[in-house]
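Let me begin by presenting the structure, written as structure tokens, before commenting on it.
Number of protein chains: 2
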Amino acid sequence: MDQHELRELGQRLRVDAVRASGAAGSGHPTSSMSAADLMAVLLAHHLRCDFEAPSNPCNDHLIFSKGHASPLLYAMYAAAGAISDAELLTFRSLGSRLEGHPTPRLPWVDVATGSLGQGLPVGIGMALAGKRLDQLPYRVYVLCGDSEMAEGAIWEAAEHAGFEGLDNLTVVVDVNRLGQRGPTRHGWDTGAYARRLGAFGWHTIEIDGHDVAAIDAAYREALGTRGRPTAIIARTEKGHGVSAVADKEGMHGKPLPDTEEAVAELGGRRDLTVETRHPVAEHCARPLDHGPVTLPRYEVGDEVATRDAYGEALAAVGSAYRAVVALDGEVSDSTRTKIFAKEHPERFFEFYIAEQQLVAAAVGMQARGWTPFAATFAAFLTRAYDFIRMAAVSRADLNLVGSHAGVAIGKDGPSQMGLEDLAAFRAVHGSTVLYPCDANQTARLVAGMAAATRSDRGVRYLRTSRGETPVIYGPDEEFPIGGSRVLRASDRDEVTLIGAGVTVHEALEAADRLDAAGISARVIDLYSVKPVDAGTLREAADATGRLVTVEDHWPEGGLGDAVAEAFCDGGPVPRMSRLAVRNMPASATPRQQLEAARIDAGAIVAAARELVGAAAQA
Amino acid sequence: MDQHELRELGQRLRVDAVRASGAAGSGHPTSSMSAADLMAVLLAHHLRCDFEAPSNPCNDHLIFSKGHASPLLYAMYAAAGAISDAELLTFRSLGSRLEGHPTPRLPWVDVATGSLGQGLPVGIGMALAGKRLDQLPYRVYVLCGDSEMAEGAIWEAAEHAGFEGLDNLTVVVDVNRLGQRGPTRHGWDTGAYARRLGAFGWHTIEIDGHDVAAIDAAYREALGTRGRPTAIIARTEKGHGVSAVADKEGMHGKPLPDTEEAVAELGGRRDLTVETRHPVAEHCARPLDHGPVTLPRYEVGDEVATRDAYGEALAAVGSAYRAVVALDGEVSDSTRTKIFAKEHPERFFEFYIAEQQLVAAAVGMQARGWTPFAATFAAFLTRAYDFIRMAAVSRADLNLVGSHAGVAIGKDGPSQMGLEDLAAFRAVHGSTVLYPCDANQTARLVAGMAAATRSDRGVRYLRTSRGETPVIYGPDEEFPIGGSRVLRASDRDEVTLIGAGVTVHEALEAADRLDAAGISARVIDLYSVKPVDAGTLREAADATGRLVTVEDHWPEGGLGDAVAEAFCDGGPVPRMSRLAVRNMPASATPRQQLEAARIDAGAIVAAARELVGAAAQA
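So the sequence lines, in the order shown, correspond to chains A and B.
Sequential numbering of the first sequence, starting at 1, is according to UniProt numbering.
Sequential numbering of the second sequence, starting at 1, is according to UniProt numbering.
Here you go:
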């Protein structure tokens, strides 16, 4: 296209963004209008994408990190002929694929955006996949707003992209000066962004974001830049092209005052369309098949930490599944991801102490069809909770592993203890939450997580423990996701003790002590906290009428809540007592911690006796 | 002290860090040894702190952002005579104040650290308080590790400190080259950090971190720097002073191989002590008293969004409580914090789109005795979840407000919907979780949050709604934290409907419809999700035997779990049915959303009928 046509295309995108928002009665047209020329030139000249074959592995990827500019993205799809004008006007309505913020319900959208600052770190995951995993020449383009440059996640990402020299990544920063409620920190000072990104090792280009020739040259310069990611920092005008809103405060996130008038001022509708460049078809190296898994085997009675079993099992799973990749947040010695790293260095990724980037990269890699396992301390996954939440909106298929669960870690103290992770992960839509108590079980669950990938999409979480626990299951036993294991049962059971992870061993000990006192207790290992095995719980409730749950977690949102939820089907509900960590722990040995938190065998015995006694009196 | 003495003091700190870790059998001596000279010079020459009067408002503040270097911090306290040698050796043992990572159980520790990258943003809150609120000349010193410079939170903070020109803030970066599992990204390239911080507007000084003269000069230079924060970027050696560990990989987070030998190599124990400079006593401007609150009053029957009531009530509370401050993440127009900002601009703080810094600053300000209310979208508070978790470890006393709760926001789609916030906040130790359904109730709860400050410390969360809801309570009704409100009750009730926020209105409508069908339903407004009003729930359970919970939240961890938890006391448990958001929402109108999620009046009626019918059949 010549410059006139490029400008016309920019106007077409504006017109359609304005029309879509007008039809919806909401949306972000002004944030779309600022970036319209930037995206017009990208679409017409640089983006290699076969819209008819969105799964072509060689397509370039475009992520709107400023997801609220969705009207612009959908206008691009319309201009490329990927969606009809009629569909464009369904924007934000019930049943439409064109949601307020982009989601992968649209085949050209890799990941959901809308929580600012996430598109860039996710894009880095895709760019890393392109270079090191797919080894394909696709490029990743990310459109960022200037407001979101305030997010730490952006700089965490900028550091990683610079460090990795991701020259297949081009970021466009739409510096339109205005945030939601007023001016940004740096206004139109594009140099402020250039200095910062430059310091992080990026190639930067400052341009007028409405000068199509300058835009075109900038994309070409980015294409020619080797060894560094490029940021095109574009000075733009919010609401550009319509005088009623251009560069005006108070015009964020609402349709234009008069759609028809605005469309007229923009020169009316255009029938100009774009035929994007198609990628050169290339072989996709990603191996989706897998061989048999030879899991590590542990002897019953040995003492093995579940984090060790995780590392060993992941390495084994990685040998069978060539699509499995492991991601680390500079704690691979603690999480035992280092075992995978040693065996499969080409599929190991170090993200340093940057948990948001860690999870975001996993999201990016799964969008390219890889099977990521990202691990850090359970406590520190809370740092990435917004990313995990958004991963669910992205329908992402990924595996997250949190080590150092609960007070059982011992002396390091509460800052290092995962005590809210079960609650946080249970509350992620479509998630799976697993918490093994022994090494063979852990290995099986790791294999199960890999096997579930692509067949049962979602965020899967595995909680591992720092300290050693006895191996109680044989290496050939199976532990399906959604299952549980009844460890003790008789037809005389008066109470059921339900634990997971470290508390399973406490519950077994408690059952022995209760048995010695003439009280028969059923014991359930509820290793699948979500989905929970409601059938087995119901059976235990019917048989014993009383449940004691015990968990190394705060009382809210974890195992106790998961058990209670199993009885919210309108049926009869057993009497329940719940043991959990109720006071802020400090430093102490693991054994002292369990005792102080009242989640050890002694506390379980006391709770069971009280429940049995209380019921007897009732 | 002369240079020899300063060096000796550094060695004393190393010796004590080594001894404390040796006694504990765990800890991070090598990470302490790298920064010992940096801290020795600070303690001896620059830190103005009366250790005998830790609450002196003019004391300088020292935050160990690298909290794992706690042995060094405690060694400083010992050198200053604040703790005894005997206490030093209780490090990491049961009952000791000297936890694995510092917490405010020690009077000189303002906030807990140990989740890396948090000390700096919290310190910025304290530095802002010093400049704009306390208006006192105290300085804030933050010791950062080089590994944690990978955290986005550091750069989010660096940007804010630079923007605010916080020249009362000095950051010391301990560049010891080695992280937990190997070299950092930048090794000993202190220039890499200097370039980055410089680009963010900081004054930077690169030094040899074991040269006491250079260290002393750097602190003086920082003191003399105006209009900019200063970063002292010090090249150091991990494990400096002991050849067995100095600059060696694999020596992170464990005691030295031979404590006695190490102490000998360091020159043995010293009896050198430090008398720190005391601050000049000054008047503390912080007003802790408060006048009567004149809350806004809303007419029953009017339609008012609870977010509007929040903004108006906060402004009113701010007029009565001069210690109340409001913090915004660039959404004050949406959260309605703008109303406070207009009335009390001197106590309003804008953090742009940087939720981690937003929450961290609130933590810093409460540590200085102020009463922060920090608000953003409920969904985006998940971005700061690790900070909120750590705020509980800090025993922080702060108020967080999340607007745009649930699917009821309508068209913006799931990225903007707070749907896991109740779960996340319930799982914070010692938290309060409030979810009002009308404007007068909201206003009362905001006043209650302010009143609870300092009398009942903890993290308090208020969930507000985007859309208007009918005012159903009069302006003089009271809503204590921990309470609930029975809106419909009779002695014929067959079922209890329990909602909060927007679902209260659906439950009322459902009760009307059920009544018309001959089924009498009790309705409870469970505005205090935590602590939950177990007494009222028990009474309803005893009276009706059946509960239906309905919430604009995922099924896990929210209202349903909170209600179930109330029946985990061993007593009889009612039959329950729980309505919540079970499918990923998309864009739609608020009414369509409630219907699609099956949390509207129609769904409640159906659930109640089924529960009543099911029970009848049982």
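Glycine included, each C-beta is placed from N, C-alpha and C at the ideal position.
Would residue i pass as an interface residue toward chain B - the criterion being a Cβ-Cβ separation below 8 Å?
i	result
A/H429	yes
A/T184	yes
A/W202	no
A/F51	no
A/P531	no
List, in chain order, every chain B residue whose beta-carbon is nearer than 7 Å to that of residue i.
i	result
A/E411	The sequence given here has Lys at residue 411 of chain A, not Glu. In chain order: A24, S26, R92, G100.
A/Y461	Within 7 Å Cβ-Cβ: nothing; A/Y461 doesn't reach chain B, min ~12 Å.
A/L611	G570
Taking 8 Å as the CB-CB cut-off, is residue i touching chain A?
i	result
B/F349	no
B/T376	no
B/T382	yes
B/D16	no
B/D386	yes
B/D561	yes
B/P345	no
B/F64	no
What does residue i reach in chain A if we use C-beta pairs closer than 7 Å?
i	result
B/Y310	Ordered by position in chain A, no residue passes the 7 Å Cβ test against B/Y310, which lies about 16 Å from the chain.
B/G114	G413, S415, Q416
residue 621 of chain B	The structure shown does not extend to residue 621 of chain B, since chain B is modelled only from 1 to 618, so the question has no answer here.
What residues from chain C crowd round residue i, counting only those whose CB sits closer than 9 Å?
i	result
B/R181	Looking for chain C here will not work: the only protein chains present are A and B.
What does residue i touch in chain B if you count any residue whose Cβ is under 9 Å from its own?
i	result
A/L574	According to the sequence as given, residue 574 of chain A is Pro; it is not Leu. Residues of chain B passing the Cβ test: V573.
CA-CA distance, residue i and residue j?
i	j	result
residue 649 of chain B	B/P29	This structure does not reach residue 649 of chain B, given that chain B is present from 1 up to 618, and the question cannot be answered.
A/V242	B/D167	43 Å
A/Q441	B/D552	36 Å
B/G560	B/R426	12 Å
A/Q592	A/G602	12 Å
B/S115	B/D386	8 Å
B/G100	A/P414	9 Å
A/G182	A/L72	22 Å
A/D533	A/G483	5 Å
B/V263	B/L272	15 Å
A/K411	B/L13	22 Å
B/I63	B/R105	14 Å
B/V401	B/L462	5 Å
How is the alpha helix (DSSP H) around residue i delimited, first residue to last?
i	result
A/D216	212 to 224
B/F91	That residue, B/F91, is in no alpha helix (DSSP H); it is neither H nor E in DSSP.
B/M76	70 to 79
A/D525	Per DSSP, A/D525 belongs to no alpha helix (DSSP H); it is in the beta strand (DSSP E), 521 to 525.
A/R513	502 to 516
A/V325	Unbroken run through A/V325 is the beta strand (DSSP E), 324 to 328; no alpha helix (DSSP H).
Exposed or buried, what is residue i when buried is set at 16 or more other beta-carbons lying within 10 Å of its beta-carbon?
i	result
A/A313	buried
A/V41	buried
B/A375	buried
B/R235	buried
A/D302	exposed
For residue i, which residues in chain B fall below 8 Å Cβ to Cβ?
i	result
A/F163	R185
A/E148	I353
Please report the residue range of the beta strand (DSSP E) in which residue i lies.
i	result
B/L485	Just to set this straight, residue 485 of chain B is Arg in the shown sequence, not Leu. B/R485 -> beta strand (DSSP E) spans 485 to 488.
A/I63	61 to 64
A/F377	371 to 377
A/A392	No beta strand (DSSP E) contains A/A392, which is instead part of the alpha helix (DSSP H) from 385 to 393.
B/V529	528 to 530
B/E468	468 to 470
Kindly list, in the order they appear in chain A, the residues whose Cβ is closer than 9 Å to that of residue i.
i	result
B/E206	None at all; the shortest Cβ gap to chain A is about 14 Å.
If the cut is a Cβ gap below 8 Å, which residues of chain A does residue i touch?
i	result
B/R426	A423, E556, G557
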